[in-house]
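Take a look at the structure below.
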Amino acid sequence: MGESHAHHEKPGLLASWFSVDHKVIGIQYAVTALLFLFFGFTLMMLMRWQLAFPGEALPFGGLLGDSRMPGGIMLPEFYNQLGAMHGTIMVFLGVVPLAVGGFGNFVVPLQIGAPDMAFPRLNMMSYHLYFWGGVVMLSSFFVPGGSAQSGWTSYPPLSNIAGSGQTWWVFGMLFLIMSSLLGAINFIVTIVQLRAPGMTFWRLPFFVWAQFVTSFLLLLAFPAMQAAGVMQLMDRLAGTSFFMPEGLIVSGQAIANTGGGSPILWQHLFWFLAHPEVYVLILPALGIVGEVVANNTRKPLYGYKALVYSVLFVGFMSFIVWAHHMFITGMGTMMSAFFQTTTMIISIPSVVILTCLLLSLWGASIRFNTAMMFALAFIPMFGIGGLTGLPLGLASSDIHLHDTYYVIGHFHYVVAPGTIFALFAGVYYWYPKATGRYLSEKLGRIHFWPSLIFINGIFFPMLIQGLHGVQRRLFDGGQIYAHAQEVLHLNKVMSFSAWGLAIAQIPFIINFFMSLKGGAKAPDNAWQATTLEWLAPSPPPHGNFATVPTVYHGPYEYSVPGMEEDFLPQYVAGNVSSEA
Amino acid sequence: MAHTLGEKPNIRPYIMVFVALMTLTLITVAVSYLHLPTMEAIALALLIATVKASLVACYFMHLMTERKLILWTLLLSAVFFFFVLVIPTMTAGNPITL
Amino acid sequence: MSTTVIPYTTEIRPDTGVNNVKLGIWLFLASEIMLFGSLFAGYILLRTGNPEFGAGSGALSVPMATLNTVVLITSSVTMVLAWAAAMEQNFAKFRLYMGCTVMAGAVFLVVKGFEYSAKFEHHLYPSHSTFMAIYFTFTGLHALHVIVGMGYNAYLWIPGSKMFHSNPQQFANRVEASGLFWHFVDLVWIFLFPILYLLPDAAS
């Protein structure tokens, strides 16, 4: 690749590993995160075997060892490990690094016309901290007793008395938190300081706004988890009892501790991070969908300012809704009312965003390429995810639904057919920029349609099971409960859908690697787009732009009346008066 | 900020703040030996600490003359600092009653 | 690795009024505010939520902590004087004040070390009580910050000071950023000192 650019020297593998170029780091993030996503998905496929065929031997499952699946039959402890690690890996090692580390790193400096991130070496450090955090997490599978098994939320006192894998989990998290904090600082400084001449805040592409708010969430929410992690380490290693209540009895044995701690404290600090984290998962996805929708409807994005204000408001509100995860911890009606009110309020800007994206389609002659298909699928999928969240945000209905499969169905609709579909849209959309070649549209369709069908096959039945009261985290999928009998058959539907979804990713993997060399060549502006990243050569050289670009318009000047072409790039002067 | 290289910044305020910080430290230690009632003691100690912290932030860290951009960032984190400080305790203080 | 020039690393961007380093360090401090805020939140919740909470500040040494407060405040003023010297382009003064700052950091840690070992001699470990857990966690995390700040100051003091002559503006910026971090560490201690050492027991 890159024959057309004489200045494109090919650095060695080691030099690339320690590269300070934001695009190389972005691709490192993206590839690592995709691998982690696939690994986390594999863990879930193992769990789905146990749920579909409880207690039956998985062919070749015995290879995983007697401490995990003796003779192919899964041990409950191993099921718990898979559950905890699936959540942790998908959220902290998969989606966030792909959305923020990958797309953010690669696209943001290009979209604002900057030569690189503000602190390139810090950027490299962020990636390496992330990488080693991931290595620590994965290694924990091999310590005695296995990895963390107290859920991705790691609630004490369970997590405090769990085996040493939990300590590794906390250390891994501390690495990841450091990585995210450094990354967030870098993004904010880059966006504030390195905008090209003419790139005012109201001319920033929506994706940049989304990353900007996301970075603030990472910056100000993650430290709570850092504090909680340090306290949990103290509890586990120094015998303190920050989170240990007095008189705790486990398996008939009193746990010796000083007492006086509060397990609820962990929940507060954890959710102070983890609720904004939900928006860290979704905002970059909304940003990507905004870019893809504007480009493929060939129209300005509907309600650009409303979108931006909504994102800012969502970001702020996401800090004061966290205890809606804690309605059944014995919280009184006053605080419950407070948190359900803030939760209802935060749904308003979310609906505004979704409505703007939907209205952008109105009257457009849509280009149905694969990126757009994923973006279009995102809109209703995220809609289902969001709307199913409302009953959970109301304290009274949450009593019934809490900790059931309904919750799992709800947030997976947000992050799987929601965020991950948006990330796929991003891969199809920016792949030509990163490699100079298009991904195959044909393979893209073969990837898209089965993915859409199977992913609904996984998550929709979860909502049904949850409404029947089937609890999450059950090793046997609810077999021993009378109320679950009616909906137990859905476990097989979900499991086969999950395995189907895995098969549906094969065309994507083939496409991803084949197109590196064999894809159709893409011009620099591969999609006739308006934003600055398409001015740079594909792939962009170190330093991005030959000369610093000047910005003349808002980001989405498509189909400007009276113009020959249907797009007016930000870097081209022209007399339009539709300034934001 | 208005500081330019080669010009000697006015160090008088720093010395004065230093003296004030030392004095306040002595006062807060002295007060702790008075054994005031718990609530008053806490309030007074935190008040003195807040004054000291403000002096450090305003003068040593130059927040008095700092740019709006940075002040807004700090205001934002101050708001969230307040949330994380107050809401967990409020929630714990509002248990469910039957 | 070719060199890409990042704008506004040293010079101020006119419309935002800051350079990258200063915005970066302040953002970092914002996250530090949240870190210590979360710890304090834990302290308040554990203290108010438990009627049995024995503050036990009686077991701590107020004279030693007062000494450390004085040391840290002194180091804060020498830090700002070191920055003033860097701005003024007076290398000898810079060396002197920065040296004082680094030394004061070391004194703080030594006193802290004596304090810790005195606790251990009396078998007061973090596991002794919730108060002791808070005491060791908070001061330990603070000491970690002192070490980091001292390390960077020491770097600027001797090996990094070559830049004083080669790029005085960037060097002054670095001293300022390091100073902001150092003042913040001081600021945290200003709060830790009363809430750990001076507050009376809740039970009394």
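Chains as they are written, first to last, in the working numbering: chain A, -13 to 566; chain B, 2 to 99; chain C, 524 to 727. Every residue, glycine too, gets a C-beta built ideally from N, C-alpha and C.
- A Cβ of chain C is located within less than 7 angstroms of the beta carbon of residue 205/A.
- With its beta carbon at least 7 angstroms from every one in chain C, residue 55/B lies outside the interface.
- Our two residues, residue 137/A and residue 73/A, have alpha carbons roughly 7 angstroms apart in a direct line.
- Looking at the DSSP output, residue 96/B shares a beta bridge with 317/A.
- In this structure, 162/A is the residue among 162/A, 404/A and 45/A with its C-alpha nearest to the C-alpha of residue 19/A.
- Under DSSP, residue 544/A takes part in a beta bridge, and its partners are 553/A.
- In this structure, residue 592/C sits near residue 716/C, with a CB-CB distance shorter than 7 angstroms.
- Residue 14/A and residue 99/A have their alpha carbons spaced roughly 21 angstroms apart.
- Residue 303/A and residue 261/A have their alpha carbons spaced roughly 10 angstroms apart.
- Contact note: residue 563/C reaches chain B through 82, 85 and 86, using a C-beta cutoff of 9 angstroms and chain order.
- Identification of chain B residues near residue 530/C by a Cβ-Cβ cut-off of 7 angstroms yields none; the smallest Cβ-Cβ distance measures about 17 angstroms.
- Remark: fewer than three beta-carbon pairs, one from each stretch, lie closer than 8 angstroms, so the region 58 to 70 of chain A and the region 163 to 173 of chain A are not flagged as touching.
- Remark: C-beta atoms of residue 706/C and residue 57/B approach each other more closely than 7 angstroms.
- Given a length threshold of 3 residues, the region 580 to 663 of chain C has no whole run of the beta strand (DSSP E) inside it.
- Annotated three-state conformation of residue 81/A is helix, per DSSP.
- As the crow flies, the alpha-carbon of residue 624/C is around 36 angstroms from that of residue 8/A.
- Following the DSSP letters along the chain, one finds residue 438/A inside the alpha helix (DSSP H) bounded by residues 427 to 453.
- Note that the region 104 to 113 of chain A does not touch the region 214 to 232 of chain A; fewer than 3 beta-carbon pairs, one per stretch, sit closer than 8 angstroms.
- The alpha-carbon separation between residue 310/A and residue 366/A amounts to approximately 24 angstroms.
- The alpha carbon of residue 174/A has as its nearest neighbour, out of 194/A, 183/A and 550/A, the alpha carbon of 194/A.
- Relative to residue 498/A, the option among 17/A, 11/A and 446/A whose CA is nearest is 17/A.
- Counted as a single uninterrupted DSSP element, the alpha helix (DSSP H) harbouring residue 51/B occupies residues 39 to 56.
- Taking C-beta separations shorter than 6 angstroms and ignoring five residues to either side along the sequence, the partners of residue 280/A in its chain run 287 and 542, following chain order.
- Apart from the 5 residues on each side of it in sequence, residue 125/A sits with its Cβ closer than 8 angstroms to the Cβ of 154 in its chain, given in chain order.
- Put simply, the backbone Cα of residue 242/A is about 22 angstroms away from that of residue 565/C.
- Residue 258/A: member of the alpha helix (DSSP H) spanning 249 to 283, first to last residue.
- With its beta carbon at least 7 angstroms from every one in chain A, residue 33/B lies outside the interface.
- Chain order gives no chain C residues near residue 114/A, where near means a beta carbon separation below 8 angstroms; the closest approach is about 16 angstroms.
- Classified as buried, residue 263/A has 16 or more neighbouring CB atoms from the shown chains inside 10 Å of its CB.
- Runs of alpha helix (DSSP H) with 4 or more residues, each lying fully within the region 457 to 508 of chain A, are found at 476 to 490 and 492 to 504, listed in chain order.
- Within the model, the alpha-carbon separation for residue 330/A versus residue 27/B is close to 50 angstroms.
- Close to chain B, meaning a Cβ-Cβ distance shorter than 9 angstroms, is no residue of the region 365 to 386 of chain A at all.
- In the structure shown, residue 240/A adopts extended strand secondary structure according to DSSP, grouped into three states.
- The C-beta of residue 574/C comes no closer than 7 angstroms to any C-beta of chain A.
- For the region 334 to 387 of chain A, there is no continuous beta strand (DSSP E) assignment of 3+ residues that stays within its boundaries.
- Here residue 480/A is near residue 447/A, since their CB atoms are less than 7 angstroms apart.
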